[in-house]
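Undergrad: Top line first, the protein sequences correspond to chains L and E. Under numbering that gives the first Met the number 0, the first residue of the first sequence carries the number 0, and numbering increases by one thereafter. Under numbering that gives the first Met the number 0, the first residue of the second sequence carries the number 0, and numbering increases by one thereafter.
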Amino acid sequence: MYDMKALYEAESVEHAIQLRLEHPEAQIIAGGSDVLVQMREGKRAGKELISIYMIDAMRGVSIDEEENIRIGSLTSFSHITHDPIIQKYINVLGEAVDQVGSPQIRNIGTIGGNTCNGVTSADSASTLHAWEAIVELTGKNGVRRLPIKDFYIKAGTVDIRVDEGEIQTAILIPKSSYENTFGHYIKYGMRNAMEIASLGCSVNVRLSEDKQTIDRCRIAYGVAGPVPMRCPSAEAVANGVMPTEAMIEEFSLAALKDINPRDSWRASKAFRQHIAVEMAKRALVESIHRAGGEIK
Amino acid sequence: MSQYKVVHCNINGKDVERVVDVRASLTDMLRNEYHLTSVKKGCEVGECGACNVLINGEAFNSCIYLAVWAEGKTILTLEGLEGPNGELSDIQQAFIDETAIQCGFCTPGFIMTAAEILNAGKLYSDAELRKLLSGHLCRCTGYENIFRAVKKTMYKRLGKEIDFV
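1. Along the region 35–64 of chain E, what residues have a CB closer than 7 Å to any CB found in chain L?
2. Where does the unbroken alpha helix (DSSP H) through residue 200/L begin, and where does it stop?
3. Distance cutoff 9 Å, beta carbons only. Does residue 73/E sit that close to anything in chain L?
4. Touch check for the region 148–166 of chain L and the region 3–22 of chain L: three-plus C-beta pairs under 8 Å?
5. Would you say residue 24/E faces chain C, with C-beta separation under 9 Å as the test?
6. State the CB to CB distance for the pair residue 51/E and residue 211/L, rounded to an integer number of angstroms; the pair is presumed to be in contact (CB under 8 Å).
7. Looking at residue 192/L: is its Cβ nearer than 9 Å to the Cβ of residue 134/E?
8. Along chain L, in chain order, which residues have C-beta atoms closer than 8 Å to that of residue 125/E?
9. What residues in the region 5–38 of chain L have a beta carbon less than 7 Å from any beta carbon of chain E?
10. Counting only runs of 3+ residues fully inside the region 73–124 of chain E, write out the beta strand (DSSP E) ranges in chain order.
11. Reducing DSSP to helix, strand and coil, say where residue 255/L ends up.
12. So which of 208/L, 263/L and 239/L has the shortest CA-CA distance to residue 217/L?
13. Residue 193/L touches chain E at which residues, Cβ-Cβ below 7 Å?
14. Would you list, in chain order, the members of the region 97–118 of chain L that have their beta-carbon closer than 9 Å to a beta-carbon of chain E?
15. According to DSSP, simplified to helix, strand and coil, what is residue 137/L?
16. Determine the extent of the beta strand (DSSP E) in which residue 169/L is found, giving its start and end residues.
17. Which of the three DSSP states, helix, strand or coil, is assigned to residue 51/E?
18. Show which residues of chain L have a CB atom less than 9 Å away from the CB atom of residue 131/E.
19. What residues from chain E crowd round residue 50/L, counting only those whose CB sits closer than 8 Å?
20. Taking the alpha carbon of residue 27/L as the reference point, which residue from 100/L, 70/L and 109/L has its own alpha carbon closest?
21. Check whether chain L comes within 9 Å of residue 21/E, counting only Cβ atoms and requiring the distance to be less than that.
22. Name the chain L residues whose beta carbon is nearer than 8 Å to that of residue 112/E?
23. Since I believe residue 111/E is in contact with residue 53/E (beta carbons under 8 Å), could you give me their beta-carbon distance rounded to a whole number of angstroms?
24. Residue 232/L lies in the beta strand (DSSP E); which residues open and close that run?
25. For a minimum of 3 consecutive residues, which ranges assigned as the beta strand (DSSP E) are wholly contained in the region 8–70 of chain E?
26. Would you mind reading off the limits of the beta strand (DSSP E) that contains residue 68/L?
27. If we cut at 9 Å on Cβ distances, does residue 40/L have a partner in chain E?
28. Taking its Cβ as the centre, do 16 or more other Cβ atoms sit within 10 Å of residue 41/E, making it buried, or is it exposed?
29. With a threshold of 9 Å between beta carbons, is residue 57/L in contact with chain E?
30. Considering residue 47/L, what are the terminal residues of the beta strand (DSSP E) in which it resides?
31. Determine the chain L residues that contact residue 134/E at a beta-carbon separation under 8 Å, and present them in chain order.
32. When the Cα atoms are used, what is the spatial distance from residue 253/L to residue 231/L?
33. Just to confirm my understanding: we take residue 72/E, look at its own chain, exclude 5 residues before and 5 after, and list those with CB closer than 7 Å. What are they?
Next comes the structure, spelled out in structure tokens:
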């Protein structure tokens with residue numbers, strides 16, 4: 000038995016919004032692999048829960064009328080990994096979420112929960128930042144969309160307006176972001192399963208038509224600061240440039256100007272900075288290869 | 000104030016319903032209401048896999064799954080793998096043949112993940128198989144035999160020659 004005060008089960012998005020307005024103190028529960036564990040630990044004990052898990056309309060991946068990739072917030076990690084749209088356009092996201100926890104956790108864990116808990120180490124977060132995902136929130140005043148970098152306010156806090164009854168309903172990847180773009184994610188952990196990243200790095204590139212120059216390069220880290228972050232200094236080095244070994248070296252070192260990792264029991268700041276450089280390098284090289292380019 | 004709900008689902012091939020406390024986990028419901036004691040209470044935080052069951056064919060740690068979410072779902076536990084006269088399924092027999100059991104506590108969970116793997120009907124590489132089995136802890140550390148039992152059954156079901164002794 001879980002130590003919960005009450006459970007409100009939402010049957011639709013509208014019902015969830017109504018429940019949220021009626022019970023502003025209640026915690027939203029999607030897959031529950033964070034919320035229930037915290038409840039068991041005592042951190043969230045005695046709280047009211049609003050379960051949105053049964054809202055099937057919030058599951059699945061599709062291409063919407065604006066040609067965005069639309070990922071319903073309740074889509075599980077394993078369904079993202081196995082989805083043909085994800086595999087075709089943003090395979091790196093499927094690979095990133097395939098490194099969360101264990102197979103069973105990937106069947107219950109949702110991309111909405113992974114982002115709404117505002118944790119910097121979330122395996123989906125660095126890739127969603129690197130692909131400039133849009134977060135869709137639905138509340139009593141309708142739909143609000145915002146870039147994922149604005150969604151994360153600080154560690155553990157995201158921009159969801161409880162007083163407007165908002166819940167996250169989808170994550171969108173715009174066509175301008177995924178078209179002809181190839182990426183790679185590297186998670187550094189101490190073991191292969193049931194592990195939280197010591198550092199995560201996601202890079203993607205779009206090459207010019209002749210595949211000689213990098214048209215656009217984007218890089219983002221998780222656990223390199225209180226929230227996932229992009230690295231504009233590193234991106235500036237790679238954008239519009241022919242990929243060479245010297246450039247890749249410069250790119251990886253430039254990432255250090257943007258990141259601000261901390262010392263924790265999982266890894267020291269110095270170690271995180273050290274692996275950040277190597278991960279940037281490897282992820283960029285792999286992204287270029289996946290895009291069909293060569294390093295001169 | 001207690002809160003209860005009727006939960007209808009299909010467990011091991013039978014349509015069933017029970018009134019459950021909304022605070023119950025699926026582990027609580029399966030053990031206490033249906034006496035399916037293959038569903039073990041291990042860590043109860045989704046790390047060890049001892050409570051693993053198949054829900055609509057996918058493996059879930061039932062300890063971090065609310066009982067009320069079982070509404071309308073098809074659930075398979077280890078008890079559901081047996082034949083009508085208690086005959087063991089191929090994967091259960093393989094665990095015996097490969098001595099993939101020591102204390103036995105992790106076994107039902109492992110076998111249910113194996114059931115999901117085998118139902119996919121794919122030939123996985125060793126690395127893929129290890130990753131697919133990584134959601135379970137065996138504190139007797141009998142992983143190698145468990146791996147062999149699953150691999151052997153996978154090859155057998157696909158009618159392929161086994162490439163290891």
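Note that the Cβ used here is the ideal one computed from N, Cα and C, for glycine as well.
TA: Taking the definition as stated:
1. 43, 44, 45, 46, 48, 51, 57, 58, 59, 60, 63 and 64
2. Where residue 200/L is concerned, there is no enclosing alpha helix (DSSP H), although the beta strand (DSSP E) around it starts and stops at 198–206.
3. no
4. yes
5. Although the question refers to chain C, the structure presented lacks it and instead comprises the protein chains L and E.
6. Residue 51/E to residue 211/L, Cβ: 51 Å. No contact.
7. With respect to residue 134/E, residue 192/L sits close: the two C-beta atoms are nearer than 9 Å.
8. Within chain L, no residue comes near residue 125/E; the closest Cβ sits about 14 Å away, beyond 8 Å.
9. Within the region 5–38 of chain L, those residues whose Cβ lies closer than 7 Å to any Cβ of chain E are, in chain order, 5, 6, 8, 31, 32, 35 and 36.
10. Runs of the beta strand (DSSP E) inside the region 73–124 of chain E: 73–75.
11. helix
12. 239/L
13. 46
14. Hits within the stretch, in order: 97, 100, 101, 102, 103, 104, 105, 106 and 107.
15. strand
16. 166–172
17. strand
18. 102
19. 65, 67 and 68
20. 109/L
21. yes
22. Correct list: 102 and 103.
23. Confirmed, Cβ separation roughly 6 Å.
24. Looking at the DSSP string, residue 232/L is not in any beta strand (DSSP E); the run it does join, the alpha helix (DSSP H), is 231–237.
25. 13–20, 51–54 and 57–60
26. That run of the beta strand (DSSP E) goes 68–71.
27. yes
28. buried
29. no
30. 46–50 is the span of the beta strand (DSSP E), which, as asked, contains residue 47/L.
31. By Cβ distance, chain L contributes 100, 101, 102, 103, 104, 192 and 193.
32. 9 Å
33. 8, 54 and 55
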